[in-house]
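Asker: Residue numbers (the numbering used here): 1 to 486.
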């Protein structure tokens, strides 16, 4: 654990970089492959260094679907020897579904015929990770080199951004999205968290320099586009800078939100009418809601600036139990995989018999969906074999204390039930949960597993509710130890 003396001044540094790919890239976030056709708005990485008495932590937020080990290694390899300790760098993704893929391994995450079923002319995932890694390392260096004495303040606001995306029918079956206008509709499956946690930084003159904005929602309002985009965080940055200054740094974080999204399950027509009346897109509406919350919080922080908050940081590697799979799970998944294999083979024959189809726009969508769905189900059998040898998975979590605020990370799409449990039991005045500080996989709640559906079935999850609970309990124990040490 790194620890700073509470009476010494805090130093703060910021950096930002554009990580938009220089050529067409594979977009992450759907089963079917998507090759980027344009850039709607840039994807960026924002860095924040907080240092006190030699202890430091570096927050890095990227407009990416997740953070692969390869990207983290690329960043660490490019840091100068006189810069921050790589072990003190926390990198999170906002889960934007319109950003380049950075996970070269895995059936639904690659870029070659091995992972999508056809050859596509795109930037190699490994090459993009190297490109982005260099730019992010440069932004970390910028934040490190410009750090100077300043102050921090924090506050809590609210904005309706994320909503539970799963509903339950009268038989107890859960469904993600879909039509709720049915007599079988019973209820929305779980809780929603509309909190907006804000950490603000100030320079030596007391002027606002940047904000960390933590929202329990992935950035996937326009998740199906075939263009590069940061999704609603682009409009949010624009709106915050319009209100608070063009030089403002904005570092977004997604709190526990594995079962949340910005999409409505009902009231859709009423919401669309209000957007028409306002003359806004849904992304612009979300941006205004977040900006209203942030601006409202900042208005009350003037007398709370803290120039020596005290900094502590601990990283721990956990051995989490993998979700237990049965032979019945494997048989059911293999049956599904066979169905998708047959569909893939049919699509492949169609292309072989009619090669002119490759000249049509997005000709690859259906065949890549079939291939990736097949691999998705086959992954259940692979994990079943793996659990016979070692039923555990190593997972890194971080906890940071900055004054009365705690930051707690996990690498998952972490269901909100776990996040609520951590917040309810944390001794911190405010607890910022940071999901997707890693490569990402769903960790569903017990009630979601009972209901089934995407995100909770065996093919969706490597870690089950038991592992999710272990992360929550360990996080609480780490936070409590930090508070008991003072």
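Think of the CB as a built atom: it goes at the ideal place given N, C-alpha and C, for glycine as much as any other residue.
Is the beta carbon of residue 251 less than 8 Å from the beta carbon of residue 46?
Answerer: Yes. Within cutoff.
Asker: Could you check where the alpha helix (DSSP H) with residue 475 kicks off and where it finishes?
Answerer: 465-484 is the span of the alpha helix (DSSP H), which, as asked, contains residue 475.
Asker: What is the DSSP secondary structure of residue 339, counted as helix, strand or coil?
Answerer: If DSSP states are grouped into helix, strand and coil, residue 339 belongs with the helices.
Asker: Going by beta carbon distance, what residues of the same chain come within less than 6 Å of residue 467, once the five residues before and after it are set aside?
Answerer: For residue 467, where only same-chain residues beyond five positions count, the Cβ hits under 6 Å are 320, 321.
Asker: Going by C-alpha to C-alpha distance, which of 316, 61, 283 sits closest to residue 470?
Answerer: The option with the nearest alpha carbon to residue 470 is 316.
Asker: If the criterion is Cβ atoms closer than 8 Å, does the pair residue 256 and residue 435 meet it?
Answerer: Against a cut-off of 8 Å, the Cβ pair of residue 435 and residue 256 comes out as a contact.
Asker: Distance, Cα to Cα, residue 362 vs residue 34?
Answerer: For residue 362 and residue 34, the distance between alpha carbons rounds to 8 Å.
Asker: Bridge partners of residue 430, per DSSP?
Answerer: Its beta-bridge partners are 405.
Asker: Tell me the rounded alpha-carbon separation between residue 402 and residue 463.
Answerer: Computed Cα separation, rounded: 30 Å.
Asker: In this structure, what does DSSP give as the bridge partners for residue 62?
Answerer: Looking at the DSSP assignment, residue 62 forms a beta bridge with 45, 93.
Asker: Is it true that the segment 205-213 meets the segment 239-250, where meeting means three or more beta-carbon pairs spaced less than 8 Å apart?
Answerer: Yes: at least three Cβ pairs fall under 8 Å.
Asker: Would residue 179 be called buried (16 or more neighbouring beta carbons within 10 Å of its own) or exposed?
Answerer: So residue 179 counts as exposed.
Asker: Evaluate contact between the segment 145-165 and the segment 86-101, counting only Cβ atoms and requiring at least three cross-stretch pairs below 8 Å.
Answerer: Not touching, per the Cβ criterion.
Asker: Classify residue 313 as buried or exposed, calling it buried when 16 or more other Cβ atoms lie within 10 Å of its own Cβ.
Answerer: Its Cβ being crowded by 16 or more others within 10 Å, residue 313 is buried.
Asker: Suppose the cutoff is 7 Å on Cβ atoms and the five residues either side in sequence are ignored; what does the same chain contact list for residue 290 look like?
Answerer: Here the set comprises 159, 161, 196, 213, 215, 236.
Asker: Would the segment 326-339 and the segment 365-378 be scored as touching if the rule is three or more Cβ pairs under 8 Å?
Answerer: Segments in contact, yes.
Asker: Roughly how many whole angstroms lie between the Cα atoms of residue 234 and residue 42?
Answerer: Each residue's alpha carbon lies about 8 Å from the other.
Asker: From the DSSP output, in three-state form, read off residue 253 for me.
Answerer: Note: residue 253 maps to strand in three-state DSSP.
Asker: If we ignore side chains and look at the alpha-carbon of each, how far apart do residue 356 and residue 369 end up?
Answerer: The alpha-carbon atoms of residue 356 and residue 369 are separated by roughly 20 Å.
Asker: Is DSSP giving residue 30 helix, strand or coil here?
Answerer: Coil at residue 30, not helix or strand.
Asker: Can you grab the Cα-Cα spacing for the pair residue 229 / residue 271, in whole Å?
Answerer: Looking at the two C-alpha atoms, the distance is approximately 23 Å.
Asker: Expressed to the nearest angstrom, what Euclidean distance is found between the alpha-carbon atoms of residue 32 and residue 117?
Answerer: Their backbone Cα atoms lie some 10 Å apart in a straight line.
Asker: By DSSP's criteria, residue 156 is part of a beta bridge. Which residues make up the other side?
Answerer: DSSP, once it has assigned bridges, lists 197 as partnering residue 156.
Asker: Return the Cβ separation of residue 413 and residue 443 in integer angstroms, given the expectation that the two are a contact with Cβ distance under 8 Å.
Answerer: At roughly 7 Å, the Cβ-Cβ gap stays under 8 Å, so residue 413 and residue 443 are in contact.
Asker: Would you identify the three-state DSSP class for residue 297, choosing helix, strand or coil?
Answerer: If DSSP states are grouped into helix, strand and coil, residue 297 belongs with the helices.
Asker: Assuming the contact rule is C-beta atoms closer than 8 Å, residue 411 and residue 440 should be a hit. Round their C-beta distance to whole Å, please.
Answerer: Contact flag correct, Cβ pair sits at about 6 Å.
Asker: I need the straight-line Cα distance from residue 191 to residue 276, nearest angstrom please.
Answerer: Their backbone Cα atoms lie some 29 Å apart in a straight line.
Asker: I'd like to know if residue 301 contacts chain B, where contact means its C-beta is closer than 8 Å to some C-beta of that chain.
Answerer: No chain B appears in this structure, which consists of one protein chain only.
Asker: Could you name the residues that DSSP lists as bridge partners for residue 35?
Answerer: Its beta-bridge partners are 26.
Asker: Rounded to whole angstroms, what's the CA-CA distance from residue 13 to residue 55? Just pull it up for me.
Answerer: Roughly 14 Å separates the two Cα atoms.
Asker: Locate the alpha helix (DSSP H) running through residue 268, then write down its first and last residues.
Answerer: That run of the alpha helix (DSSP H) goes 268-278.
Asker: How should residue 193 be labelled, buried or exposed, when 16 other C-beta atoms within 10 angstroms of its C-beta is the threshold for buried?
Answerer: Buried is the call here.
Asker: Report all residues from its chain with a CB closer than 6 Å to the CB of residue 100; omit the five preceding and five following residues, and keep chain order.
Answerer: Excluding positions up to five away in sequence, the list reads 21, 25, 128.
Asker: So, with DSSP's three-state summary, where would you put residue 320?
Answerer: Residue 320: strand per DSSP, three-state reduction.
Asker: Since residue 397 and residue 57 are thought to touch, with beta carbons under 8 Å apart, how far apart are those beta carbons, to the nearest angstrom?
Answerer: Not confirmed; about 14 Å, so no contact.
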